[in-house]
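At position 50 of the sequence shown the residue is numbered 223 (the working numbering), and the sequence of numbers has no breaks. Here a beta-carbon is modelled for each residue, glycine too, at the ideal position from N, C-alpha and C. Just below is one structure, and these are the notes that go with it.
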Amino acid sequence: MSFYQRSVLPRLIHLAMRQENLLPFRRRVIGAAEGRVLEVGIGSGLNLPLYGPSVSVVFGLEPSPELLRMADDRAARAPASIELLEASAEAVPLDTASIDTVVTTWTLCTIPDAPRALAELRRVLKPTGALLFVEHGRAPEPGVARWQDRLDPLWRRVAGGCHLNRKIDDLISGSGFVIGTLTNARLRGPRTHTFLYEGRARLA
Ligand SMILES: C[S@@+](CC[C@H](N)C(=O)[O-])C[C@H]1O[C@@H](n2cnc3c(N)ncnc32)[C@H](O)[C@@H]1O
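So, in C-alpha cells, the structure goes:
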C-alpha cells in the first residue's frame with residue numbers, strides 16, 4: 174500500500190465526509206436505527222455521536238486501521254455502546270441473523286465487491302431487520318451518467334476505490350433486498366458526484 178493510500182487518503186476522507194451539508198442525511202438515517210446495529214465502513218466515526226437510546230450496540234466495521242484509529246475517540250465518547258471491528262464488508266465477522274439494523278452512509282460506492290458485501294449484510298440481518306442507507310451514485314440524466322462513466326477509472330484511483338457510477342437502488346434490490354422507501358436528492362457541487370440515494374430496505 175502506498176504512502177498516499179495509507180496516510181493521506183484517510184485524512185482526505187475524514188475532511189470530505191465531515192461537510193456540514195451531510196449532517197441532515199446522517200441524522201435521519203442514524204435516527205432510524207434500532208437494536209443491534211452494524212454500521213459498514215464507519216470511516217472516522219462521524220455517525221457515532223448520532224446514535225440514540227433505541228440502539229443497544231453498534232458494531233462499527235471498517236477495513237482501514239488509520240480510519241479506525243480516528244474513530245476510536247468518537248467511539249469512546251458516543252452515547253451508545255460501540256464495538257469497532259477491523260474487517261471488510263465482504264466477510265462480516267458476525268453471526269447469521271444477529272443484527273436488527275444495517276447502516277451504510279457513503280460506503281457502497283467504495284466496497285470493491287458490493288454484491289458480495291450485500292450478501293453478507295443479508296446474512297447477518299434478522300428476518301425482521303432493516304438496511305438503512307444514504308449513498309451517492311449514478312445520476313438519472315444520461316449526459317451526467319456518461320461523464321460519471323468517463324471519470325470513474327481516474328476518480329477510483331484518487332479516491333480510494335470510490336465509484337461514481339453505481340446505481341445504488343438496483344445494486345440493493347438486485348441483492349435480495351426489497352426497497353421500502355427511497356428518496357433521491359442532489360447536493361451542491363459537481364453533478365457527477367452529488368446525486369444521492371437515501372432509503373430503507375428489508376430482506377426479500
Ligand atoms: C467515503 S468513506 C465513508 C465513511 C463513512 N461511512 C462516513 O459516512 O463518513 C467510504 C468508506 O468505505 C470504507 N470501505 C472501503 N472498502 C470497504 C470494505 N470492503 N468493507 C467495508 N468498508 C469499506 C472505506 O474505508 C471508507 O471508510
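Identity of the residue in the options nearest residue i by Cα
i           : options            : result
residue 371 : 358, 320, 191, 266 : 358
residue 214 : 192, 187, 204, 194 : 187
residue 249 : 233, 325, 180      : 233
residue 263 : 287, 280, 247, 283 : 287
Proximity test, residue i beta-carbon vs ligand 1 heavy atom, cut-off 7 Å
i           : result
residue 348 : no
residue 186 : yes
residue 175 : no
residue 362 : no
residue 263 : yes
residue 216 : yes
residue 290 : yes
residue 236 : yes
residue 258 : no
Distance between beta carbons of residue j and residue i, contact taken as under 8 Å
i           : j           : result
residue 360 : residue 367 : 4 Å
residue 190 : residue 219 : 6 Å
residue 333 : residue 182 : 5 Å
residue 209 : residue 271 : 7 Å
Distance cut-off 7 Å: residue i Cβ against heavy atoms of ligand 2
i           : result
residue 178 : The model on display carries ligand 1 but not ligand 2.
Just checking, does the stretch 287-303 make contact with the stretch 238-245 on the three C-beta pairs under 8 Å criterion?
no
Any contact of the stretch 190-201 with the stretch 255-274, i.e. 3+ C-beta pairs under 8 Å?
no
Contact the stretch 305-325 vs the stretch 337-346: 3+ CB pairs below 8 Å:
yes
How do the stretch 293-313 and the stretch 344-352 stand: do at least 3 beta-carbon pairs fall below 8 Å, yes or no?
yes
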